[in-house]
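FYI, the numbering for the sequence shown is 1 to 183, going by the UniProt record's numbering.
For each residue, glycine too, the CB sits at the ideal point set by N, CA and C.
These figures come from a predicted structure and were not determined experimentally.
These notes are about the structure you will find just below.
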Amino acid sequence: MPACFLLCFSWRENCCHTLSFRLWGISRMDDKQAIRTAIQPLAVLRPMTPEAMEAVPHQYLAAGYICIRAFPFRVGRESRVRMSGSHERIMERPRFHGRGPNNDFYLIDAGHPLNISREHFQLECLHGGGYRLLDRGSACGISVNGRHLAGHDRGGEAALADGDVITVGSESSPYIYRFIVLS
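Printed below as a string of structure tokens:
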């Protein structure tokens, strides 16, 4: 490989890393604690059933967990899934000027009837400590530790604690996740 290519590649790689660290507010590339803090999840959702695991696009799983790096954390159904032969493909999300996506995380609902709404629920960290789950007006509702709330586009909320079990959709929905606080 030519020396000029190696030099350019090395310079470009160094500049890209330096830029990404500056974007996260990290001044030095070797500040490992700042890097760890920037990428470490605050909490995770652990899929509790095979269907819950299959609903998560595999590229977004970290050791089998959905990472929550910021609150509020909004979850809804992926509506851009198309079949390509026997494989599901997620189509490119359109970009709207000045507007971000409706959700921070998208689940794939392969069931019939559907259990997951396009804008289903939101997890929040409360200022005085603790967590809250908000139903965002979903059709089927959501359950926390077997207690069903909301549904029928009404919305609703429940306190959420470390280890609580969340069922997304109807009471018989297979989309079950455990909320685990890491910080």
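CA-to-CA distance, residue j to residue i, given in whole angstroms
| i | j | result |
| --- | --- | --- |
| Leu61 | Ala52 | 12 Å |
| Trp11 | Gly76 | For Trp11, the predicted structure reports a pLDDT of 39, less than 50, and the residue's modelled location is therefore unreliable. A value from the coordinates is still provided. Spanning the two alpha carbons is a distance of roughly 41 Å. |
| Gly151 | Met48 | 22 Å |
| Leu7 | Ala158 | Note that Leu7 has pLDDT 38, beneath the 50 cutoff, so the model's placement of it is unreliable and the number below is only indicative. Using only the alpha carbons, I get a separation of about 56 Å. |
| Gly100 | Pro50 | 30 Å |
| residue 184 | Gly128 | For the chain, the structure presents residues 1 to 183; residue 184 sits outside this window and is missing. |
| Lys32 | Leu182 | 19 Å |
| Pro57 | Phe179 | 18 Å |
| Arg93 | Gly130 | Bear in mind that a pLDDT of 48 at Arg93, under 50, signals an unreliable position, so the number given afterwards is only what the model happens to contain. About 33 Å. |
Residue of the options minimising C-alpha distance to residue i
| i | options | result |
| --- | --- | --- |
| Leu126 | Val44, Phe71 and Ala38 | Phe71 |
| Ala55 | Gly111, Arg178, Asp153 and Gly100 | Gly111 |
| Gln40 | Arg69, Phe105, Glu124 and Leu123 | Arg69 |
| Val168 | Glu119, Ile180, Gly130 and Tyr131 | Glu119 |
| Phe73 | Gln59, Ala63, Phe105 and Gly64 | Phe105 |
Residue i and residue j closer than 7 Å at C-beta
| i | j | result |
| --- | --- | --- |
| Cys140 | Ser170 | yes |
| Ile66 | Leu42 | no |
| Asn115 | Tyr175 | yes |
| Asp135 | Phe121 | yes |
| Gly155 | Leu149 | no |
| Leu133 | Leu123 | yes |
Span of the alpha helix (DSSP H), counted from its first residue to its last, around residue i
| i | result |
| --- | --- |
| Arg36 | Lys32 to Ile39 |
| Glu51 | Pro50 to Glu54 |
Boundaries (first-last residue) of the beta strand (DSSP E) holding residue i
| i | result |
| --- | --- |
| Tyr106 | Phe105 to Leu107 |
Taking contact to mean at least 3 C-beta pairs separated by less than 8 Å, is the segment 130-147 in contact with the segment 157-165?
By the criterion of at least three beta-carbon pairs nearer than 8 Å, the segment 130-147 is in contact with the segment 157-165.
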